[in-house]
Amino acid sequence: MISCPLILSLFALSVEQDYRWVDAHELIVEGQGWENLESPFDRLPSKSKGVVRDPVWRLSRDSSGIAVRFSTDSSSIGCRWALIDSSLALPHMPATGVSGVDLYVRDDEGEWRWLACPRPNNQNMTATLISGLPVGSREFMLYLPLYNGVSSLEIGVEKDATLRPGSERPKGKTRPLVFYGTSITQGGCASRPGMTHVALLGRKMDIPVINLGFSGNGTMDISMADLLVEIDAEIYIIDCLPNMNGNEVRDRVVPFVERIREKRPRVPILLVEDRTFSNSFLRPKSQNRHKSSRAALREGFSKLSRDGVENLYYLEGKELLLNEDTVDGSHPTDLGFVRQASVMRKILKKILVSK
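With this note's numbering applied, the sequence shown covers 362 to 716.
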């Protein structure tokens, strides 16, 4: 009897031989704010190791929000990616979201449409993403894993097909939306990488995004403010309350925003309240936490506004997630991410139009 691992190895070898493989960095890689990295798909620069807290550094190795854009006329597209962590899934989040890649294509109307998401079953993955595509060249975008890191990634196309970088962003659409936050920002618990609110907003607004969500560690650290200002952002979205209590918010929000304003005096900043725990209607402790942290954020916003900080905006959290939108009362399902993106898109469009 042939063993399952041998069958998988033979299948991977067959897939590999079908394609011409190209390193992702020969195409367009978006979602990173720095070039000097310890590993090619890290989210923070190597210089931040030992400066940010250790958990933040470890989580920055996860590739959430990073995407590869390319154009090809190949009727079949493959992907080879090597994962840093052998743990492929979480108890409340599937391997497709934690460790998978997620392929989109731009249609004839210019909209991004979902195409494929293979199921990761190995730390070193080789997969055909899609086959049987009609004749013609198209632009694709491939999202990388949300809760695992990637040490290498290659795109595979048929050996006689063309493969080139995706189209340049048009003028006025080059600076990214920069999100700094918690596990929700990082993408817990989306079913696949393209379903986070960060990715959804990037597609709907057709603008690059940078995801600096750190599970359990989005706490308005000054070291992160110092890093954020190194990115030439369209706007900074600060969404940290799920990881902070009222006292922490009261102590940190003003100096955090002030530090950003020192280096980026005109870039808009959006402060976001925490989502409402979906079972908090029967949990007074959760209700009190929401009231405390939101009041502290509002106080900080008011003080900063009185002190003359301009281009500062505020988003209430009561509509971000509703009754059926979470896995565990806190982390969104795909439905929750779609709702959150819809709420955020409304205020982001108003802010960016007024710039």
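Yeah, the Cβ is synthetic: ideal placement off N, Cα and C, and Gly gets one too. Source: prediction; values computed, not measured.
Who are residue i's beta bridge partners in DSSP?
| i | result |
| --- | --- |
| Val-383 | Ile-516 |
| Ser-437 | Paired residue(s): none; Ser-437 is not in a bridge. |
| Ser-447 | Paired residues: none, contrary to the question. |
| Arg-525 | Ser-432 |
| Phe-540 | Asn-572 and Ile-598 |
| Glu-500 | Ser-432 |
| Ile-389 | Arg-430 |
| Trp-473 | Arg-467 |
| Val-633 | Leu-676 |
Which same chain residues, not among the five before or five after residue i, have their C-beta less than 7 Å away from its C-beta?
| i | result |
| --- | --- |
| Phe-372 | At Phe-372, the pLDDT of 48 sits below 50, so the modelled position is not reliable and the matter cannot be decided from this model. |
| Gly-555 | Asp-463, Tyr-465, Trp-475 and Tyr-504 |
| Thr-687 | Ser-639, Pro-693, Thr-694 and Gly-697 |
| Val-383 | Glu-515, Ile-516 and Leu-524 |
Would you mind stating whether residue i and residue j have Cβ atoms separated by less than 9 Å?
| i | j | result |
| --- | --- | --- |
| Gly-335 | Gly-542 | Since the first and last residues shown for the chain are 362 and 716, residue 335 lies out of range. |
| Val-459 | Ser-448 | yes |
| Leu-573 | Gly-394 | yes |
| Leu-658 | Val-704 | no |
| Leu-464 | Cys-440 | yes |
| Asp-452 | Ile-545 | The amino acid occupying residue 452 in the given sequence is Pro; Asp does not appear at that position. Against a cut-off of 9 Å, the Cβ pair of Ile-545 and Pro-452 comes out as no contact. |
| Ser-435 | Leu-524 | yes |
| Ile-438 | Val-518 | yes |
| Leu-405 | Leu-643 | no |
Going straight from the alpha carbon of residue i to that of residue j, what length do you get?
| i | j | result |
| --- | --- | --- |
| Ile-621 | Val-590 | 6 Å |
| Tyr-380 | Ile-516 | 9 Å |
| Ile-445 | Phe-431 | 24 Å |
| Val-618 | Ala-586 | 8 Å |
| Asp-689 | Gly-661 | 30 Å |
| Met-502 | Asp-668 | 43 Å |
| Asn-606 | Pro-506 | 29 Å |
| Ala-670 | Ile-712 | Before going on, a small fix: residue 670 reads as Val here, not Ala. Computed Cα separation, rounded: 15 Å. |
| Met-486 | His-386 | 18 Å |
| Leu-709 | Arg-553 | 24 Å |
| Ser-641 | Leu-665 | 30 Å |
| Arg-636 | Asp-415 | 26 Å |
| Ser-425 | Ser-654 | 26 Å |
| Ala-702 | Leu-494 | 30 Å |
| Met-581 | Leu-682 | 22 Å |
| Pro-479 | Ala-551 | 15 Å |
| Asp-468 | Asp-403 | 30 Å |
| Trp-473 | Glu-500 | 9 Å |
| Gln-547 | Arg-422 | 12 Å |
| Gly-678 | Asn-482 | 37 Å |
| Ser-691 | Val-714 | 32 Å |
| Pro-401 | Ala-594 | 21 Å |
| Ser-498 | Asp-567 | 20 Å |
| Pro-626 | Pro-645 | 40 Å |
| Thr-557 | Ala-477 | 16 Å |
| Ala-656 | Glu-609 | 12 Å |
| Lys-520 | Gln-648 | 59 Å |
| Pro-616 | Ser-528 | 39 Å |
| Gln-378 | Met-454 | 32 Å |
Taking 8 Å as the cut-off, does the CB of residue i come closer than this to any heavy atom belonging to the ligand COA?
| i | result |
| --- | --- |
| Ser-437 | Of ligands this structure carries none, so the ligand COA is not represented either. |
For my contact list, residue i and residue j are in at a C-beta cut-off of 8 Å; report their separation, rounded to the angstrom.
| i | j | result |
| --- | --- | --- |
| Ala-456 | Ser-513 | About 19 Å separates the two Cβ atoms, so there is no contact after all. |
| Ile-596 | Val-628 | 7 Å |
| Gly-549 | Tyr-508 | 7 Å |
| Ala-488 | Val-376 | 7 Å |
| Ser-639 | Asn-672 | Not quite, the Cβ-Cβ distance comes to about 32 Å (not below 8 Å), so this is no contact. |
| Ile-571 | Pro-537 | 5 Å |
| Val-539 | Ile-592 | 5 Å |
| Gly-392 | Ala-428 | 5 Å |
| Pro-736 | Arg-530 | As displayed, the chain neither begins before 362 nor continues past 716, which places residue 736 out of reach and without an answer. |
| Arg-706 | Lys-534 | With a Cβ gap of about 15 Å, Arg-706 and Lys-534 do not count as contacting. |
Can you give me the Cβ contacts of residue i inside the same chain, cut-off strictly under 8 Å, excluding the 5 residues immediately before and after it?
| i | result |
| --- | --- |
| Lys-410 | Glu-399 and Trp-418 |
| Ala-522 | Arg-381, Thr-433, Asp-434, Ser-435 and Ser-436 |
| Ser-407 | Asn-397, Leu-398 and Glu-399 |
| Val-496 | Asp-434 and Ser-436 |
| Gly-577 | Pro-416, Thr-543, Ser-544 and Asn-604 |
Quick check on residue i - is its C-beta less than 9 Å from some C-beta in chain C?
| i | result |
| --- | --- |
| Val-511 | The chain inventory of the structure shown lacks chain C, comprising one protein chain alone. |
Among residues of its own chain, excluding the 5 on either side of residue i, which ones have a beta-carbon nearer than 6 Å to its beta-carbon?
| i | result |
| --- | --- |
| Leu-388 | Val-429, Phe-431 and Pro-526 |
| Gln-484 | Leu-444 and Ser-447 |
| Val-633 | Asp-600 and Leu-676 |
| Val-699 | none |
| Phe-575 | Val-417 and Leu-420 |
| Val-413 | Ser-584 |
| Ala-450 | Ala-456 and Val-459 |
| Tyr-674 | Leu-631 and Ile-712 |
| Glu-680 | Val-704 |
| Leu-369 | Low confidence applies here, because Leu-369 scores a pLDDT of 49, under 50, leaving its location unreliable and the question unanswered by this model. |
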